[in-house]
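Student: In numbering that gives the first Met the number 0, the protein residues as written are 0 to 110.
The beta carbon of each residue, even a glycine, is placed where N, CA and C say it ideally should be.
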Amino acid sequence: MQRNEGLLLDMKRAATLIREFAEQMSFDEFRADLKTQSAVIHQFLLIGEVAKRLSEDFRKSNPEIPWSAMARMRDKLIHHYRGVDLREIWKASEQEIPKLLSFLSEHLPEQ
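In structure tokens form, the structure reads like this:
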């Protein structure tokens with residue numbers, strides 16, 4: 000669990016940064032701001048990499064989190080399969096990241 004805990008802390012940092020970078024923006028503002036896009040996408044890459052490194056037992060014991068979807072998003076972003084869909088990134092940052100942060104807050108000790 001100690002290895003997983005460190006990875007989850009990394010994931011929490013990345014998810015928190017995504018919210019900080021984009022939370023005050025509309026989609027149109029996000030779409031027009033290349034720096035924020037780049038910063039948010041980088042954090043999604045980190046989250047996807049962490050999802051791949053978590054132990055299989057941990058992922059299986061927490062099926063409410065879409066671990067494989069996180070890893071697939073990372074692969075899609077890193078390899079630019081069919082381009083980057085900014086709406087998909089925006090939707091994930093608005094809908095999935097808050098859920099992930101809630102899960103991580105429940106599963107990590109207070110910092």
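1) Output the distance between the C-alpha atoms of residue 47 and residue 28, rounded to the nearest integer angstrom.
2) Quick check on the burial criterion: 16 or more other C-beta atoms within 10 angstroms. Buried or exposed for residue 92?
3) With a threshold of 8 Å, are at least 3 pairs of Cβ atoms found where one atom belongs to the segment 72 to 88 and the other to the segment 43 to 59?
4) Please state whether DSSP places residue 78 in a helix, a strand or coil.
5) Which ranges does the alpha helix (DSSP H) cover as unbroken runs of at least 4 residues, wholly within the segment 6 to 31, from first to last along the chain?
6) Short of 7 Å in beta carbon distance, which residues of its chain neighbour residue 76, apart from the five on each side in sequence? Order them along the chain.
Tutor: A quick look at the data gives this:
1) Each residue's Cα considered, the two are about 25 Å apart.
2) So residue 92 counts as buried.
3) Yes, they touch.
4) Secondary structure of residue 78 (DSSP, three-state): helix.
5) Fully enclosed alpha helix (DSSP H) runs of 4 or longer: 26 to 31.
6) Excluding positions up to five away in sequence, the list reads 40, 43, 44 and 83.
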